[in-house]
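Q: To get the working numbering, take the position in the sequence shown, counting from 1, and add 54. C-beta: ideal position from N, C-alpha, C; glycine also.
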Amino acid sequence: MSTKRDYYEILGVSRNAPEEDLKASYRKLALKYHPDRNPGDKEAEENFKEAAEAYEVLRDREKRTIYDQYGHAGLEGSGFSGFGGFEDIFSSFGDIFEDFFGFSARGRARSRAQRGADLRYDLSLGFLDAVFGTETEISVKKKEICPECNGKRCEAGTSPETCRHCGGVGQISRNQGFFTVRTTCPICRGEGQAITHPCKRCRGAGQVLVEKKVSVKIPAGVDNGSRLRLTGEGEPGSYGGPQGDLYVFIHVEAHEFFQRREDDVICSVPISFIQATLGDKISVPTLNGNKKLRIPKGTQPGDVFYFHGEGITSLRTGKRGDQIIQVDVKTPTNLNKKQEGLLKEFAALEASKLSSKLKNILKGGAAETVN
Ligand SMILES: [Zn+2]
Ligand SMILES: [Zn+2]
Numbered sequence: 055m056s057t058k059r060d061y062y063e064i065l066g067v068s069r070n071a072p073e074e075d076l077k078a079s080y081r082k083l084a085l086k087y088h089p090d091r092n093p094g095d096k097e098a099e100e101n102f103k104e105a106a107e108a109y110e111v112l113r114d115r116e117k118r119t120i121y122d123q124y125g126h127a128g129l130e131g132s133g134f135s136g137f138g139g140f141e142d143i144f145s146s147f148g149d150i151f152e153d154f155f156g157f158s159a160r161g162r163a164r165s166r167a168q169r170g171a172d173l174r175y176d177l178s179l180g181f182l183d184a185v186f187g188t189e190t191e192i193s194v195k196k197k198e199i200c201p202e203c204n205g206k207r208c209e210a211g212t213s214p215e216t217c218r219h220c221g222g223v224g225q226i227s228r229n230q231g232f233f234t235v236r237t238t239c240p241i242c243r244g245e246g247q248a249i250t251h252p253c254k255r256c257r258g259a260g261q262v263l264v265e266k267k268v269s270v271k272i273p274a275g276v277d278n279g280s281r282l283r284l285t286g287e288g289e290p291g292s293y294g295g296p297q298g299d300l301y302v303f304i305h306v307e308a309h310e311f312f313q314r315r316e317d318d319v320i321c322s323v324p325i326s327f328i329q330a331t332l333g334d335k336i337s338v339p340t341l342n343g344n345k346k347l348r349i350p351k352g353t354q355p356g357d358v359f360y361f362h363g364e365g366i367t368s369l370r371t372g373k374r375g376d377q378i379i380q381v382d383v384k385t386p387t388n389l390n391k392k393q394e395g396l397l398k399e400f401a402a403l404e405a406s407k408l409s410s411k412l413k414n415i416l417k418g419g420a421a422e423t424v425n
């Protein structure tokens with residue numbers, strides 16, 4: 055097995071160095087050993103690669119943990135094999151080089167392929183559609199590969215010509231301090247080619263804006279804020295990059311009877327004070343039709359009853375929540391003479407009970423005023 059230097063030693067940092075220190079230290083080394091600054095210097099090249107590898111490992115929490123525990127052998131065991139060459143380094147650290155040097159390293163090594171943009175669609179759903187799931191079609195405005203030129207950007211029968219500005223290299227070199235900075239050619243944007251006869255349909259963009267119908271399958275149990283990902287339904291990538299994704303954000307409309315709390319549904323059912331007093335059997339709407347509920351004698355306002363397993367199917371566990379029924383005891387109004395008379399009679403019988411209870415609470419005196 056080849057001997058390798060310790061990553062912390064390479065970067066010249068302590069074993070518990072925070073991310074910023076790693077980055078600062080790597081930046082210094084990368085500047086010092088940058089191939090543009092040390093053309094043809096094999097040793098600088100090795101140092102540059104070594105520093106990149108050390109930084110690649112230590113900035114990654116998972117790899118760093120493996121390295122701390124098992125060293126180089128541990129990383130090899132987990133499939134990390136360092137970098138093959140500069141191209142690997144530049145493609146891994148494209149963004150970092152951009153902020154190190156103030157220009158992009160992408161042009162020289164990274165493939166130009168770029169993933170298409172992700173799209174967002176906000177979808178309003180009825181309460182029951184969210185509960186039971188549904189399938190719907192949405193209309194999404196998005197870019198697609200131009201059907202006329204197939205994304206090639208030039209008119210049929212023509213082909214791109216070599217860019218005169220950069221001579222087809224895609225980059226322009228200029229000297230800056232010690233080293234040569236290569237920047238992407240502003241005319242051909244790095245492609246090295248210029249399109250002389252752009253496609254008329256897409257005006258040379260290779261993509262056109264379309265309104266596309268997309269079918270969306272909504273799983274049972276989605277809730278407000280649920281997010282569905284439709285892989286590959288975003289915008290097309292450029293230069294052969296993959297399509298982006300489409301994210302559908304769910305907004306659930308309120309229901310007149312049911313309310314949702316996690317996977318339970320809550321509802322409020324009015325009953326008369328007679329039903330509450332004497333007990334009754336009532337019919338309560340559930341997500342799956344009406345169901346009988348027994349109201350026991352002496353039910354109090356605010357009492358809660360359950361239909362177990364009549365709630366919403368959980369997206370995560372597949373189990374159904376409960377239905378929670380709150381009774382809303384109504385006081386009767388508009389009584390006729392006879393009803394009123396009966397209640398007064400009842401009240402006379404009940405009054406002695408209530409007032410003796412109050413007497414106990416108030417210890418006489420004030421209770422005398424209550425009848
Ligand atoms: Zn076109
Ligand atoms: Zn050019």
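Kindly confirm or deny that the segment 215-231 and the segment 241-255 touch, where touching means at least three C-beta pairs closer than 8 Å.
A: Touching, yes.
Q: Can the beta-carbon of residue 173 be found closer than 8 Å to that of residue 305?
A: Residue numbering aside, residue 173 sits at position 119 when the sequence shown is read from its first letter. Residue numbering aside, residue 305 sits at position 251 when the sequence shown is read from its first letter. Against a cut-off of 8 Å, the Cβ pair of residue 305 and residue 173 comes out as no contact.
Q: Could you pull the start and end residues of the beta strand (DSSP E) that residue 191 belongs to?
A: The residue given as residue 191 occupies position 137 in the sequence shown. Where residue 191 is concerned, the enclosing beta strand (DSSP E) stretches over 188-199.
Q: On a CA-only basis, which of 102, 219, 193 and 317 is nearest residue 264? Give me that one, please.
A: Within the sequence shown, the letter at position 210 stands for residue 264. If we check each option's Cα against that of residue 264, 193 comes out closest.
Q: Out of 292, 277 and 296, which one is the CA nearest neighbour of residue 286?
A: Along the sequence shown, one-based indexing puts residue 286 at 232. It is 296 whose Cα lies nearest to the Cα of residue 286.
Q: What first and last residue would you give for the alpha helix (DSSP H) that runs through residue 341?
A: On the sequence shown, position 287 is the one that residue 341 refers to. No alpha helix (DSSP H) holds residue 341; DSSP gives it neither H nor E.
Q: If you pair each beta-carbon of the segment 193-209 with each one of the segment 313-326, do three or more pairs fall below 8 Å?
A: The segment 193-209 vs the segment 313-326: no contact.
Q: Just the Cα atoms here: how many angstroms apart are residue 397 and residue 378?
A: Within the sequence shown, residue 397 is the residue found at index 343, counting from 1. Within the sequence shown, residue 378 is the residue found at index 324, counting from 1. Computed Cα separation, rounded: 32 Å.
Q: Thinking C-alpha only, which one of 298, 352 and 128 is nearest residue 332?
A: The residue labelled residue 332 in the question sits at position 278 within the sequence shown. Cα-wise, what sits closest to residue 332 is 352.
Q: For residue 414, which of helix, strand or coil comes out of DSSP?
A: Mapped onto the sequence shown, residue 414 falls at position 360. Correct three-state label for residue 414: helix.
Q: Give, in chain order, every unbroken run of the beta strand (DSSP E) that is at least 3 residues long and sits entirely within the segment 210-291.
A: Those beta strand (DSSP E) runs which fall completely within the segment 210-291 and span 3+ residues are 225-230, 233-238, 261-272 and 281-284.
Q: Is residue 3 buried or exposed, if buried means 16 or more other CB atoms sit within 10 Å of its CB?
A: In the structure displayed, the chain extends from 55 to 425; residue 3 sits before or after that span and is not available.
Q: Any heavy atom of ligand 1 closer than 7 Å to the beta-carbon of residue 211?
A: For the purposes of this step, residue 211 is taken as residue 157 along the sequence shown, with counting starting at 1. No; taking the cut-off as 7 Å, the Cβ of residue 211 has no heavy atom of ligand 1 nearer than that.
Q: With a threshold of 7 Å, establish whether the CB of residue 202 neighbours any heavy atom of ligand 1.
A: Residue numbering aside, residue 202 sits at position 148 when the sequence shown is read from its first letter. Yes - ligand 1 has a heavy atom lying nearer than 7 Å to the Cβ of residue 202.
Q: Return yes when the C-beta of residue 220 is under 7 Å from any heavy atom of ligand 2, and no when it is not.
A: Counting from 1 along the sequence shown, the entry for residue 220 is found at position 166. Because some heavy atom of ligand 2 lies under 7 Å away, the Cβ of residue 220 counts as near it: yes.
Q: Tell me whether residue 391 sits in a helix, a strand or coil according to DSSP, three-state version.
A: Position 337 of the sequence shown holds residue 391. Here residue 391 sits in helix by DSSP.
Q: Going by other Cβ atoms of all chains shown within 10 Å of its Cβ, with 16 needed for buried, is residue 293 buried or exposed?
A: For the purposes of this step, residue 293 is identified with residue 239 of the sequence shown, where counting begins at 1. It is exposed - the Cβ of residue 293 has fewer than 16 other Cβ atoms within 10 Å.
Q: Would residue 85 and residue 112 qualify as a contact pair, given that the criterion is a beta-carbon distance under 8 Å?
A: On the sequence shown, residue 85 is found 31 positions in, with the first residue counted as 1. On the sequence shown, residue 112 is found 58 positions in, with the first residue counted as 1. No; because the gap between Cβ atoms is not below 8 Å, this pair is not in contact.
Q: Below 6 Å CB to CB, which residues in the same chain sit around residue 335 once its five sequence neighbours on both sides are set aside?
A: Translated into the one-based positions of the sequence shown, residue 335 becomes position 281. Within the same chain, residue 335 has close Cβ partners 346 and 348.
Q: Please tell me whether, using a cut-off of 7 Å, the distance from the CB of residue 241 to the nearest non-hydrogen atom of ligand 2 is below it.
A: On the sequence shown, residue 241 is found 187 positions in, with the first residue counted as 1. Yes, the Cβ of residue 241 comes within 7 Å of a heavy atom of ligand 2.
Q: What is the residue span of the alpha helix (DSSP H) that residue 111 lies within?
A: Residue numbering aside, residue 111 sits at position 57 when the sequence shown is read from its first letter. Here the alpha helix (DSSP H) through residue 111 covers 96-112.
Q: For ligand 3, is there any heavy atom lying closer than 7 Å to the beta carbon of residue 217?
A: In the structure shown, ligand 3 is absent; the only ligands present are ligand 1 and ligand 2.
Q: Where do the ends of the alpha helix (DSSP H) carrying residue 305 lie?
A: Numbered from 1 along the sequence shown, position 251 holds the residue referred to as residue 305. Element bounds for residue 305: not the alpha helix (DSSP H) but the beta strand (DSSP E), 300-306.
Q: Can you list, in chain order, the residues of its chain with a C-beta nearer than 6 Å to that of residue 260? Leave out the 5 residues immediately preceding and following it.
A: Here residue 260 corresponds to residue number 206 of the sequence shown, with the count starting at 1. Here the set comprises 200, 205 and 207.
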